[in-house]
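Some notes on the structure that comes next.
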Amino acid sequence: MEFLRPASWQEALAAKAEHPAAVPIAGGTDVMVEINFDHRRPAYLMDLNRVTELQEWEIGADTVRLGASVPYTKIMEHLRTELPGLALASHTVASPQIRNRGGVGGNLGTASPAGDAHPALLAGGGQVEAASVRGTRMIPLDDFYLGVKRNALEPDELIRAVHLRKASGPQQFSKVGTRNAMVIAVCAFGIALHPDTRTVRTGIGSAAPTPIRARTAEEFLTAALDEAGLWDSRGPVPPSVAGQFADLVAGAANPIDDVRGTASYRRHALGVMARRTLGWTWQEYRDAN
Amino acid sequence: MADQPRTAPARPGTSAAAPGRIPTSLTQGTGSATTKGGIGESTLRPDGILKVTGEFAYSSDLWHEDMLWGYTLRSTVAHARILSIDTGEALATSGVYAVLTYDDLPTEVKNYGLEIRDTPVLAHGKVRHHGEPVALVAADHPETARRAAAKIRVEYEELPVVTDEASATAPDAILVHEGRDDHHSGHVPHPNVVHRQPIVRGDADAAAARADVVVRGDYVFGMQDQAFLGPESGLAVPAEDGGVDLYVATQWLHSDLRQIAPVLGLPESKVRMTLSGVGGAFGGREDLSMQIHGCLLALRTGKPVKIVYNRFESFFGHVHRHPARLRYEHGATRDGKLTHVRCRIVLDGGAYASASPAVVGNAASLSIGPYVVDDVDIEALALYTNNPPCGAMRGFGAVQACFAYEAQMDKVAAELDLDPVEFRQRNAMEQGTIMPTGQPVDSPAPVAELLRRVKAMPLPPEQQWRTTEGADVRALPGGLSNTTHGEGVVRGVGYAVGIKNVGFSEGFDDYSTARVRIEVINGEPVATVHTAMAEVGQGGVTVHAQIARSELGVTQVTIQPADTRVGSAGSTSASRQTYMTGGAVKNTCEAVREKVLDLGRRRFGTYHPAWATAELLLEGGRVVTDGGEALADIADVLGDESVDLELEFRHRPTQAFDLRTGQGNGHVQYSFAAHRAVVEVDTELGLVKVVELACAQDVGKALNPLSVVGQIQGGTTQGLGVAVMEEIVVDPKTAKVRNPSFTDYLIPTILDTPTIPVDVLELADEHAPYGLRGVGEAPTLSSTPAVLAAIRQATGLELNRTPVRPEHLTGA
Amino acid sequence: MRVTMTVNGRPQEADDVWEGESLLYVLRERMGLPGSKNACEQGECGSCTVRLDGVPVCSCLVAAGQAQDREVTTVEGLSGEDGELCTVQQAFVDAGAVQCGFCTPGLLVAADELLERNPEPTDGDIREALSGNLCRCTGYEKILDAVRLAAARTGQAV
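Residue numbers (the numbering used here), protein chains in the order written: chain A, 21 to 309; chain B, 4 to 815; chain C, 13 to 170.
Written as structure tokens, this is what we have:
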């Protein structure tokens, strides 16, 4: 095993180009467990901690450019207004120690369906800034997750940042685990109201081979809110609408039975979380008037 | 060279002659001029400062110049014939010093075991469970050892697995151990039954005819892991005399020694064991783990060998709590008196016997709980299967039974429309009650009083999660995961009480040994206490110092490291160490005191008549009369002499249970605790927040009140864990463990654990030292059923299984 | 490879480090600082908690090479030069928060950082800050007592 220590982003990209098998390590949450337990012996380990710009974020007019290694703790502390859903999700990531080191780049790089950031990222919407010595490209989050622990990165690419839409409305995140802290999701759900476009977006974690959006549910709710004029009236969402939204979210999932939970429970829980988080976000939207 | 890890250089400040970090003696004064530091005081741990500075040497911290790292290759399948093992490539790896298999074992003794010697040191021809040790590697770096082990080629031919009672006891079932020839094989109904214990007393059929209500239930208890935090580890150092020095974390040095020495072909005198720091035990260190393996590698290579399991391996490195299936029938009359109990308890012992026979005896004899029932028909048995081996864990057979009989008690109370606490109190055992085994309870049994006390504690306020800024999710079901802001949340309250035996039962010659010396150092009398007691965190060392101060009137006490140079202390288990090794220290101190007084009489007897006539004590560094008159300083009495004695201490003898009727005075003492659980359940998502777990326990005499409360809170929390989250999941088709990690075997965090108010009752047992009662296990029993009862009350569900998972509460 | 860092204020160096070694391993096995504990090595117990440039992290999840040139504080660095216990260490001893003690070093580092950040934590704050540190012996009640005691003593001292 060889340890690569690029001192700059350009050096990192050059190293990745030279050694496409190099495994990038930042927060270490996934990579070190695999090494400690003998699941992985990469030929090259590439430390990204020295590339300081990965730990920085920039707040623009419509988006936040969030460095791949900005620790979850910083997201919770500094980006609660711009990225409320992701801030809530960040708070549920593992333990305080891990939140101090892990960032969104790790969740995206690993692309596990159980990564806590994914549902919030999908609901908020945005793009992954992938870079290589060949250049930089923007990959929409919707196209990023390809399969179980597979993503759209090319072997020579690294994640520089994610560009996330600043919240124009309330967002929520909720995750079921069988412990009250430090737990991997049995399943998770993110929702974002986008009053600027009068749309609703969602994200589902741990209930399909990849993180997914519940698109039919989104379309149904977007249409229902529109038809009833609720964006303007800020009236309550009828229980029947919330119920159908919940059912559609549950139906969007494609979960399995595993040691953490059953498929049928996952569907059920997604429905409950969808109804509740819709309730919380919509109430916040109404209260904001 | 990057792929070739090399051994670590010598640590600064360590010598080649001895391990770099070895257990040291602990010297402690009283800590304050105003206290005596004796029994009944909450003195502080003598090892506390070492533990908060990071200097305390746990078994995984040991280090020796030139040491190698040992690694264990384990089976990847549960049941298979081993067709071949090829170690050639592993041995050829640079940095590898030895690779051992069954064929390298040096003597004819190739198995070990606590009671039945059925466990191979290394697999011989067959593996019987997932994760069984097959080969050993010693190398100069752990990664080198792992890489070499990966090159060992083992060819398996898989065999069918037996995983439950039906498959294990079918007439044509494959036998886990062919040709069994142990002391239980003659009386069991099937060779895949390790041991079976019926208990029959009175006439259950006739009593059932008198019952106004009869309640039946089937219950399932999942496999719990001890999950001690300090992984199995130790250091074996070969000695010039051909023997070996072994530093290890264990619960019982002498039991280990008895199993290790014959396999090595060494006399016990040449296997010198010292207890290193132990990171928790809870029963999981009663069986051997790396002990023999480390010694074999050290003797083969002539170098010190350290073995440290990681968390994955730890799940395979020790036995677990027996999962159980329990069937109960309770009858009662309209006026709320139990008529009879019938029960059948099937424990899954897994592939090797470990402590299964004793667990069966406990489960059977304590199966009806702390209640008066004259007519019982009880059967408990443990199976051999290809599941992971199960053995000792805190509560030892009584835990599984308590979960079931307390669920039954609630069901009967509901049938009778009685308050569950009132119903329990009407049937509560007292001093003089006859156990199902025919044994009278001959010390206080305040079962009704403990229930009264937990019920009388004020209930925690409703909806403590409500704050002025909205809901505090940390106080709600789901916690930080933000699943509810109060929606679907229902409160429930439940009660339970349990009974646990203290000490080793069924005729076992249970004893402990203490060596105590008193001498003058710098003009002050100092006591030194040397035992082989395994301090696993419980605070035995604290109590020994307290006893020495109380009995010998000294301030300074030195606790020697536990090792095999002194006689056996027995196991740190069965809630027995304060009773047994505490008793041994007391006993030896009393004999030392008599010698000191004899010395005093010889030296100073002529100066004061009280030397001959009065009852004399040692107090505050002096010899005093029972009237309080000081006769001499202990330092003057001793002068240059020291008194040094090593004595054994035994509890009252017990009897085996009759194999047919279960009758016999099998137990020496009982311990009782009651819990009240208050939970809030998110009934839609099936998530549970335990809001409070109040406990009342009789401890006879609290030698150290702070430690007693700590034990009760810790035991309570382990019971909470198995109520709502902890379970080793074994695939029923393959018998492989599905969650051997702290990612998927969850134990409670600080956000899962509620406030645990504790009410300690002290009703002396006149048969026990200071009247004390073992403390450690009882709180683990009633905690689980109390939480389950509270969840049942909140949800209205039957819940016959623990742990409760969200899908059980939502029906999804 | 060679790794150098500052540990508890002193420069430390280790040679022949295998690239897959964690900071935890290097501290424990190469630098003679085994106070940080190896309970799970998967970031699920907090017993290996150290401060890396002041921030509490699981040292089992830091590759040794990532600690190059950085500042590490371990449990061994909490007490004063004269061996005097820091407030949190003393409180853990006094409150009975130590049983087997294997979780203690990680809890001490985490609790010390909490009180530095938040000198008057609520019980909820303490529970949240320590939710990444498992203890199997105590049921956490005495640990809460210890942190409350340390906070009170710190408050009295200023």
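Using N, Cα and C, we set each Cβ at its ideal position, and we do this for glycine too.
Owing to the predicted nature of the structure, the values given are computational and were not obtained by experimental measurement.
Looking at the C-beta of residue i, does it have a partner C-beta in chain B at a distance below 7 Å?
{"i": "Arg-25/A", "result": "no"}
{"i": "Ala-320/A", "result": "For residue 320/A there is no data in the structure shown, the boundaries of chain A being 21 and 309."}
{"i": "Asn-50/C", "result": "yes"}
{"i": "Cys-115/C", "result": "yes"}
{"i": "Tyr-305/A", "result": "no"}
{"i": "Leu-127/C", "result": "no"}
Report yes or no: is there a C-beta of chain C within less than 7 Å of the C-beta of residue i?
{"i": "Ser-292/B", "result": "no"}
{"i": "Asn-390/B", "result": "no"}
{"i": "Arg-477/B", "result": "yes"}
{"i": "Gln-563/B", "result": "no"}
{"i": "Ile-25/B", "result": "no"}
{"i": "Leu-245/A", "result": "no"}
{"i": "Gln-716/B", "result": "yes"}
{"i": "Ala-20/B", "result": "Below a pLDDT of 50, predicted positions are generally treated as unreliable, and Ala-20/B, at 40, falls in that range; no measurement from the model is reported."}
{"i": "Leu-65/A", "result": "yes"}
{"i": "Ala-32/A", "result": "no"}
In the DSSP assignment, find the unbroken beta strand (DSSP E) run with residue i in it and report its ends.
{"i": "Asp-61/B", "result": "Here residue 61/B turns out to be Tyr, not Asp, going by the sequence shown. No beta strand (DSSP E) contains Tyr-61/B, which DSSP labels as neither H nor E."}
{"i": "Arg-829/B", "result": "Nothing about residue 829/B can be reported from this structure: the residues present for chain B run from 4 to 815 only."}
{"i": "Ala-208/C", "result": "Here chain C covers residues 13 to 170 and nothing more, so residue 208/C does not appear."}
{"i": "Gln-192/A", "result": "191-196"}
{"i": "Lys-503/B", "result": "492-505"}
Quick check on the DSSP output: the alpha helix (DSSP H) that includes residue i runs from which residue to which?
{"i": "Phe-660/B", "result": "Careful: Phe-660/B lies outside any alpha helix (DSSP H) and carries neither H nor E."}
{"i": "Ser-368/B", "result": "359-368"}
{"i": "Gln-262/B", "result": "256-267"}
{"i": "Trp-30/C", "result": "Here Trp-30/C belongs to no alpha helix (DSSP H), and DSSP marks it neither H nor E."}
{"i": "Gly-125/A", "result": "124-130"}
{"i": "Ser-253/A", "result": "250-253"}
Kindly give me the distance between the Cβ atoms of residue i and residue j, rounded to whole angstroms, as I take these residues to be in contact under 8 Å.
{"i": "Gly-603/B", "j": "Val-627/B", "result": "That pair is no contact at about 11 Å."}
{"i": "Gly-542/B", "j": "Ser-710/B", "result": "4 Å"}
{"i": "Gln-78/C", "j": "Asn-127/A", "result": "Actually they do not touch by this definition, with Cβ atoms about 19 Å apart."}
{"i": "Ile-310/B", "j": "Ser-370/B", "result": "The Cβ separation is near 39 Å, so there is no contact."}
{"i": "Ser-701/B", "j": "Pro-449/B", "result": "In the sequence on display, residue 701/B carries Asp and not Ser. Indeed, because the Cβ distance is near 5 Å, the residues count as touching under 8 Å."}
{"i": "Ala-88/A", "j": "Ala-181/A", "result": "6 Å"}
Give me the residue from the options with the minimum Cα distance to residue i.
{"i": "Arg-679/B", "options": "Asn-590/B, Thr-342/B, Pro-461/B and Lys-54/B", "result": "Pro-461/B"}
{"i": "Leu-764/B", "options": "Leu-802/B, Val-595/B and Gly-703/B", "result": "Gly-703/B"}
{"i": "Arg-178/B", "options": "Pro-163/B, Gly-665/B and Leu-421/B", "result": "Checking the sequence shown, residue 178/B turns out to be Leu, not Arg. For the residues Pro-163/B, Gly-665/B and Leu-421/B, the minimum Cα distance to Leu-178/B belongs to Pro-163/B."}
{"i": "Ser-258/B", "options": "Val-807/B, Thr-591/B and Thr-567/B", "result": "Thr-567/B"}
{"i": "Ala-201/A", "options": "Cys-57/C, Gln-24/C, Thr-16/C and Thr-86/C", "result": "Cys-57/C"}
{"i": "Arg-345/B", "options": "Ile-731/B, Gly-339/B, Glu-289/B and Asp-221/B", "result": "Asp-221/B"}
{"i": "Asp-378/B", "options": "Ala-212/B, Arg-337/B and Ile-550/B", "result": "Ala-212/B"}
{"i": "Asp-636/B", "options": "Thr-657/B, Arg-606/B, His-67/B and Ile-295/B", "result": "Arg-606/B"}
{"i": "His-6/A", "options": "Leu-142/A, Tyr-64/A and Gly-80/A", "result": "For residue 6/A there is no data in the structure shown, the boundaries of chain A being 21 and 309."}
{"i": "Thr-277/B", "options": "Val-130/B, Gly-689/B and Ala-537/B", "result": "Ala-537/B"}
{"i": "Leu-749/B", "options": "Arg-808/B, Ser-785/B, Gln-796/B and Thr-758/B", "result": "Arg-808/B"}
{"i": "Ala-37/A", "options": "Val-168/A, Arg-154/A, Val-206/A and Gly-48/A", "result": "Arg-154/A"}
{"i": "Thr-30/B", "options": "Gln-563/B, His-127/B and Val-496/B", "result": "Gln-563/B"}
Counting only beta-carbon atoms, is residue i nearer than 7 Å to chain A?
{"i": "Arg-14/C", "result": "no"}
Cβ contact check for the segment 57-72 of chain B and the segment 245-252 of chain B: 3 or more pairs under 8 Å:
yes
Between the segment 394-414 of chain B and the segment 492-506 of chain B, do at least 3 Cβ pairs fall closer than 8 Å?
yes
With three or more beta-carbon pairs closer than 8 Å as the criterion, would you say the segment 712-719 of chain B touches the segment 738-747 of chain B?
no
Below 8 Å between beta carbons is the criterion; list the residues of the segment 100-134 of chain A that meet it against any residue of chain F, in chain order.
Structure shown: chain F not included; protein chains present are A, B and C.
Hey, is the segment 539-557 of chain B in contact with the segment 475-488 of chain B, meaning 3+ C-beta pairs nearer than 8 Å?
no
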